[in-house]
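Read the structure below first, then the notes.
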Amino acid sequence: MQRRELFSKSAAIMVSTCLPGVVSASASTPKTKPPTQLSSRSVTLFGDTAPLSPLEQIAYLHEAASDINNPEDLYLKNGAVSALEKQIADLFGKTDAVFFPTGTMANNVAVRLLADEQRLVLTQQDSHLYADESDAAQILSGLNLVPMAPGLVNPSPESVRLEIESWKNRPYPVAVGAISLESPVRRHNGAYIPFKDLEQISSIAGEQKIGMHWDGSRSLLLYGIDNFNLQKTASLFDTIMVSLDKYLGAPTGAMLIGERTNMEKARHLRHLFGGLLHGGWQLALPPLINLPKFQENYLKAQIRAKEVVQLLCNSEGFTLKPINNGSNILPIQISEARLQGLKERLTAADIYARISDDGKMDFYTNLSILRRPPAEIARAFLIK
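Heads up: the sequence shown is residues -27 to -1, 1 to 357, going by mature numbering (1 follows the signal peptide of the UniProt record, and there is no 0).
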């Protein structure tokens, strides 16, 4: 069993040359019994992950370990963990990176580190930090999170400036210690913050000596966006969090990235938060192997996803509803006629999607789409 076949099985499959809208009418709906678990053949059109079965994950880890000399670490020092920290730091153009067991812990350490004694932190109301981390910043670090831009992807630069001034000009002034921005934003179907907004907010923060944190959990899903430059974007922030388990193959984990002085402090806070694992090499190995090829494979996956969606939209009953500043999600409206038996056909074909009863489907781009040719994926949607 080959490692590269397991994780990105058909990255080597050439993009199909079939004409848009042409799907073989002679093909019949698969009659095989639906699989009992996801595997290296499964195509998942939801989420950011290309799935493997538990046994395939073990086999993948076994082969990956044989490719790396001395992958073991002790308390997250040396081995695959340290190698991955350097790889990630270089990728984002920073001097250091720190492994964390979860992105939530990394986010919380980042804002605590940046805010220091200035306990006010601005963030989006719909950010993961504010809406999905159980008030951890307030409870564990005594920070006061100020939610901004309810219902929007991000606050405008001017609204950030006004918010800072409003706290500064009170009878008892309060200084903002940090600004945390999530992009892409999960609660907005992966919409991202435009670079010009980030640049202006970063400039405002710099003038006020306010720390900037990027919750870039899904930052690598911005590859392929016009004019996106990872290091240029990262340069606007003091700290960045990137997920290791959403699309890089780790069972769990995240990296906090920044300059070395801050990252040494982050290592100390990681210990205080209970994140100093005895060993993390099993978590670090998959992303260490996958990261160098991720951009190339993800760009192929984007092409594949657009081809499949084009095949569907060239057929009656499928309508694309694009997201403004979207990343890896393509919303599709499916007609009532097309919905009949669709979920069963997809499952029988080992293809999985989340489709609401009224026909709304968020078509996610992840590496699993490289496992089948476009026409084969589209056929499961179109042939009854």
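Backbone N, C-alpha and C fix where the C-beta goes; we use that ideal spot for every residue, glycine too.
Excluding sequence positions up to five before and after M236, its CB lies within less than 6 Å of the CB of D69 and V71, all in the same chain and listed in chain order.
Contact between N298 and A164 holds, since their C-beta atoms are separated by about 5 Å, short of 8 Å. For Y337, no alpha helix (DSSP H) segment is defined; the enclosing uninterrupted segment is the beta strand (DSSP E) at K333 to Y337. In the same chain as Y103, and ignoring 5 residues on each side of it, the C-beta atoms closer than 6 Å to its own belong to T96, L118 and P120, in chain order. For the pair P74 and W254, the CB atoms are not nearer than the 7 Å cut-off.
Inclusion of I324 and A348 in the CB contact set at 7 Å is not warranted, their separation being larger than that value. Here G20 has Y337 and N339 as same chain residues with Cβ atoms under 7 Å from its own Cβ, once five neighbours each way along the sequence are excluded.
Per DSSP, A70 is one residue of the beta strand (DSSP E) stretching across D69 to F73. Contact annotation: P265 and G222 have beta-carbon atoms that are not nearer than 7 Å.
In this structure, L57 sits away from A321, with a CB-CB distance that is not shorter than 7 Å. The Cβ atoms of F65 and I305 lie no closer than 7 Å to each other. Between S139 and G189, the beta carbon gap of about 28 Å keeps them out of contact (Cβ cut-off 8 Å).
Taking the C-beta atoms as reference points, R134 is found no nearer than 7 Å to S114. Contact between the segment 263 to 278 and the segment 230 to 249 is absent: fewer than 3 CB-CB pairs across the two stretches fall below 8 Å. DSSP places S175 in the uninterrupted alpha helix (DSSP H) bounded by F168 to E180. When DSSP states are grouped into helix, strand and coil, Q97 belongs to the strand group. If only uninterrupted alpha helix (DSSP H) runs of at least 4 residues are considered, those enclosed by the segment 253 to 303 are 254 to 286.
Here I174 is buried: its Cβ has 16 or more other Cβ atoms, across all protein chains shown, within 10 Å. DSSP, reduced to helix, strand and coil, places N81 within a helical segment of the structure shown. Shown here for D331: not one same chain residue has a beta carbon closer than 7 Å to its own, the five before and five after excluded.
The three-state secondary structure of V119, taken from DSSP, is strand. Annotation for S114: the continuous alpha helix (DSSP H) segment containing it runs A109 to S114. Here N301 is buried. Its C-beta has 16 or more other C-beta atoms within 10 Å. The C-beta distance from I296 to N162 rounds to 5 Å, short enough to meet the 8 Å contact threshold.
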